[in-house]
Amino acid sequence: MKPTTSPKIATRTGISQETLQALMLDPNPCISSLAMEQMLQNPAECERYVAEHQDTNDLALRRCVHQLAGCLRMKALKEKFVFLFEQGQLDAWDAMMMIDQLYDQRSSRNYLRELAQEFCAEFQSGGMMSLPRVAKHMADRKFATPHHPILNIFHFLIGDVLENRQGIPAVLCVLAKQLARAHGLILQLCLANGKFCLIDAHYNLADPTEEWKVTKAKGPDDFHLCTNQEVIRIYLAQILASSVIVWETFDVHLFASLLLRIDGVSPDAMPYPYGKFLAPPPDPEP
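If you want it as structure tokens, here you go:
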């Protein structure tokens, strides 16, 4: 087992890790959370601390260490999301997989991949692949949009949509696109009549809000082909708006932080209580 005695390494606040460890074990959850927040201010030192104490026999400390490890993983995943987006290398499918993991730490990438593999394996291979075949498969498997307003977070998360077959159009189209790609057919997402649809090279459109009905566009003026970055931005804006409406502060914080990061905007620009804009002055000292 690793030793549980913490080295007296000073953090950015001047408080030793030994002191922060004692505070993390405080029965008051506010004190414990603040101590872990201070530990996370120095990621490199925090990673070393986690590596040294992850096998400790102290169960209370082990729980704190595992929480720290989870926070470090989520921070790294968020940084990866922003970096890949800024480099123009983030696929909408991968973005939705990452957001699912950021929202729920129990949702691992391996678990989501297994769901996706089962989803793709349901498709009957053989014959010529086409958008109408993909649309028919999605309709037959009852992948559909729920009634408006769509405010339930589980209609936005790729794992839940794969399990429950109910989701917003953007997620359903990304799923259908991934299914087609797994079987050798390249489709694209587009906006037609203000809605997300799938489109092929022959201007065939499949609309998930119309039970995957396939229609023919007259020409390029009838639709707008979406880049991955456009899909991701719209998806984040929709999930953020839904979270604000239902007043889920954790969800708002997560999705707003991603949207603001990719736009290079400080979180302080958000209106109070999500940011400092128009925040009331602090209470006077007693």
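Here numbering that gives the first Met the number 0 is used: the first residue of the sequence shown is 0, the next is one more, and so on. Glycine included, every Cβ here is placed at the ideal spot set by N, Cα and C.
| query | result |
| --- | --- |
| L253 to F153 span [Cα, whole Å] | 15 Å |
| Distance between T55 and R164 (C-alpha atoms, nearest Å) | 42 Å |
| Which residues DSSP lists as bridging K215, in chain order | N203 |
| Same chain, Cβ closer than 7 Å to F288, neighbours up to 5 away in sequence not counted | An answer regarding residue 288 cannot be provided, because it is not within the stretch 0 to 285 covered by the chain. |
| For F82, the nearest candidate out of R108, W92 and G263 (CA to CA) | G263 |
| Of the listed residues S124, R112 and L101, nearest to F249 (C-alpha basis) | L101 |
| For I198, the first and last residue of its enclosing beta strand (DSSP E) | K194 to I198 |
| Minimum length 4: unbroken alpha helix (DSSP H) runs contained in the stretch 123-171 | 130-139 and 157-163 |
| Buried versus exposed, by CB contacts within 10 Å (16 or more), C63 | buried |
| Endpoints, beta strand (DSSP E) assigned at A59 | A59 -> not in any beta strand (DSSP E); alpha helix (DSSP H) instead, spanning L58 to E85. |
| C119, DSSP secondary structure in three states | helix |
| Rounded C-alpha distance that separates Y48 from L204 | 54 Å |
| Buried or exposed by the 16-neighbour rule on C-beta atoms within 10 Å, applied to F276 | exposed |
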